[in-house]
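Each residue of the sequence shown is one higher than the last, beginning at 17 in this note's numbering. Note that the Cβ used here is the ideal one computed from N, Cα and C, for glycine as well. One structure is given below, encoded as structure tokens.
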Amino acid sequence: MVRLKNKGIFIFAILCILLMIIIYVLPGLGNLMKVSYVAEYGELSVYDDTTGYMVRTEYVYEATNNGKLNRLAKEGQLLRKGTAAVEVSDGKESEESDEFTSVKDKLKGKMISVADYKVTEGGLVYYHVDGMESKLTLKYAKSAGKKFFSSLDKLEAIKLPENTAHKGYPLFKVVDSTNWYIVAFVSNNSAKKYKKGATVDVMFNPEKDRDIAQKDSDLIQMNVVDVSKSGDKTKLLLESNRYFDSVGSVRSVPVRLTTFNARGLILEKSSITKLKGQTGVYVKDKKGKQKFVPVNVIGENGNKVVVSDSYYTDKNRNKVRTLDPFADVIKRP
Numbered sequence: 017m018v019r020l021k022n023k024g025i026f027i028f029a030i031l032c033i034l035l036m037i038i039i040y041v042l043p044g045l046g047n048l049m050k051v052s053y054v055a056e057y058g059e060l061s062v063y064d065d066t067t068g069y070m071v072r073t074e075y076v077y078e079a080t081n082n083g084k085l086n087r088l089a090k091e092g093q094l095l096r097k098g099t100a101a102v103e104v105s106d107g108k109e110s111e112e113s114d115e116f117t118s119v120k121d122k123l124k125g126k127m128i129s130v131a132d133y134k135v136t137e138g139g140l141v142y143y144h145v146d147g148m149e150s151k152l153t154l155k156y157a158k159s160a161g162k163k164f165f166s167s168l169d170k171l172e173a174i175k176l177p178e179n180t181a182h183k184g185y186p187l188f189k190v191v192d193s194t195n196w197y198i199v200a201f202v203s204n205n206s207a208k209k210y211k212k213g214a215t216v217d218v219m220f221n222p223e224k225d226r227d228i229a230q231k232d233s234d235l236i237q238m239n240v241v242d243v244s245k246s247g248d249k250t251k252l253l254l255e256s257n258r259y260f261d262s263v264g265s266v267r268s269v270p271v272r273l274t275t276f277n278a279r280g281l282i283l284e285k286s287s288i289t290k291l292k293g294q295t296g297v298y299v300k301d302k303k304g305k306q307k308f309v310p311v312n313v314i315g316e317n318g319n320k321v322v323v324s325d326s327y328y329t330d331k332n333r334n335k336v337r338t339l340d341p342f343a344d345v346i347k348r349p
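Here's what the structure looks like:
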């Protein structure tokens with residue numbers, strides 16, 4: 017009997033110990049197992065990297081006679097209507113080349129011929145042509161599909177001769193400086209980010225090393241003119257009237273289309289939760305205890321979100337205390 021009594025007391029003691037572990041130890045272990053990280057200040061962008069195809073209103077001028085060429089305007093210079101871009105004096109006939117002949121054939125019957133080389137429309141002067149000047153109009157660009165634009169990926173503009181003119185061959189072109197466009201294709205999953213009438217920040221050659229001044233000149237805000245489905249892609253037509261160094265000399269160029277950009281505290285999306293209808297996160301204090309902190313989500317990209325720091329104003333215009341930089345945030349509350 018004594019042995020059974022002692023065994024019962026032993027079992028009871030074990031059960032009491034297990035109960036204490038469940039009540040006091042396991043919750044603490046649960047908190048320790050919840051991974052946390054430090055909320056740091058940063059920048060979050062939502063963008064698509066793709067290829068931009070330049071669409072311009074451009075006029076190619078041909079040589080009306082053979083001779084020595086003198087350029088009166090520099091590449092990219094803005095000329096008023098009625099101003100001469102070049103002058104040609106008597107001289108020997110220049111030699112033909114296959115690439116110039118190919119471009120000439122593409123533009124046959126589409127070039128402007130004026131004896132004094134005075135531009136009939138004002139614009140930017142360029143001494144590069146690729147043969148697409150007369151075909152790739154805004155009207156054509158609106159109807160053309162991915163297959164046509166992909167064919168332009170390897171198209172390179174040729175640099176026109178600097179010193180000689182050959183009758184019937186291109187001498188220069190003038191690009192309308194008031195408006196120009198790019199066509200770009202993004203995945204259908206990205207389509208919802210682009211709205212007709214909205215603006216998009218376009219960075220040309222995003223991987224290129226450059227100084228701050230060059231970076232600013234290569235970043236252009238463009239308007240979304242049209243968004244449409246094109247096969248398994250979404251086709252975008254973007255418009256700008258801002259000067260860009262290569263606006264008249266390139267046809268296809270790598271671009272980064274940024275639809276959202278903001279600075280704030282960068283958090284894991286999995287940290288965002290709700291308490292009594294309010295959006296927030298759980299943070300650990302110095303004693304390891306968790307508390308709920310309301311947050312204002314500015315934007316998101318994949319598994320990351322950017323939120324306001326320190327304070328924000330809610331929809332009722334109340335100033336709300338929120339997350340501080342370097343707070344210890346629970347990853348999965």
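- Unbroken beta strand (DSSP E) stretches of 3 residues or longer found wholly inside the stretch 46-90: 52-54, 56-71, 74-78 and 83-87, given in chain order.
- Annotation note: the stretch 224-268 contains the following uninterrupted alpha helix (DSSP H) runs of length 4 or greater, listed N- to C-terminal: 228-234.
- Distance between Ala101 and Ile174, taken at the CA atoms: about 19 Å.
- Looking from the CA of Asp248, the closest CA among Ser262, Glu255, Ser206 and Lys331 belongs to Ser206.
- Spatial neighbours of Phe342 in its own chain (CB-CB distance under 6 Å, excluding positions within 5 residues in sequence) are listed in chain order as Val54.
- Between the alpha carbons of Ile314 and Ser167 lies a distance of about 40 Å.
- Residue environment for Arg272: buried (at least 16 other C-beta atoms within 10 angstroms of its C-beta).
- A distance below 8 Å separates the beta carbons of Tyr77 and Val130.
- If you ignore the 5 residues before and after Asn317, its C-beta comes within less than 6 Å of the C-beta of Leu60 and Val62, all in its own chain and listed in chain order.
- Rounded to the nearest whole angstrom, the C-alpha separation of Ile128 and Lys151 is 15 Å.
- Here Thr329 has Lys335 and Val336 as same chain residues with Cβ atoms under 8 Å from its own Cβ, once five neighbours each way along the sequence are excluded.
- Counted as a single uninterrupted DSSP element, the alpha helix (DSSP H) harbouring Ala157 occupies residues Leu154 to Ser159.
- Looking at Glu103, Asp121 and Leu339, the one whose alpha-carbon comes closest to that of Thr295 is Leu339.
- The beta carbon of Pro222 sits closer than 8 Å to the beta carbons of Asp65, Pro270, Val271 and Arg272 from its chain, once the five residues preceding and following it are set aside; these are given in chain order.
- For Asn179, the closest alpha carbon among the candidates Leu88, Asp344 and Lys347 is that of Leu88.
- With respect to the 8 Å criterion, Leu291 and Val321 are not classified as neighbours on the basis of their beta carbons.
- DSSP lists Tyr298 as the beta-bridge partner residues of Phe308.
- One thing to note: Lys97 has its Cβ within 8 Å of the Cβ of Glu137.
- Sixteen is the threshold: since fewer than 16 other Cβ atoms of the shown chains lie within 10 Å of the Cβ of Glu56, the residue is exposed.
- Put simply, the backbone Cα of Pro349 is about 24 Å away from that of Arg279.
- Secondary structure at Ile288: coil, using DSSP grouped into helix, strand and coil.
- The C-alpha of Ser287 is placed about 42 Å away from the C-alpha of Phe165.
- The closest CA to that of Ile346, considering only Thr289, Val71, Ala160 and Val135, is found on Thr289.
- Out of Lys211, Lys285, Lys124 and Tyr298, the CA that lies nearest to the CA of Thr275 is found in Lys211.
- Taking a 10 Å sphere around the C-beta of Tyr156, we find fewer than 16 other C-beta atoms and assign the residue as exposed.
- Boundaries of the beta strand (DSSP E) harbouring Leu140: Gly139 to Tyr142, taken from the DSSP string.
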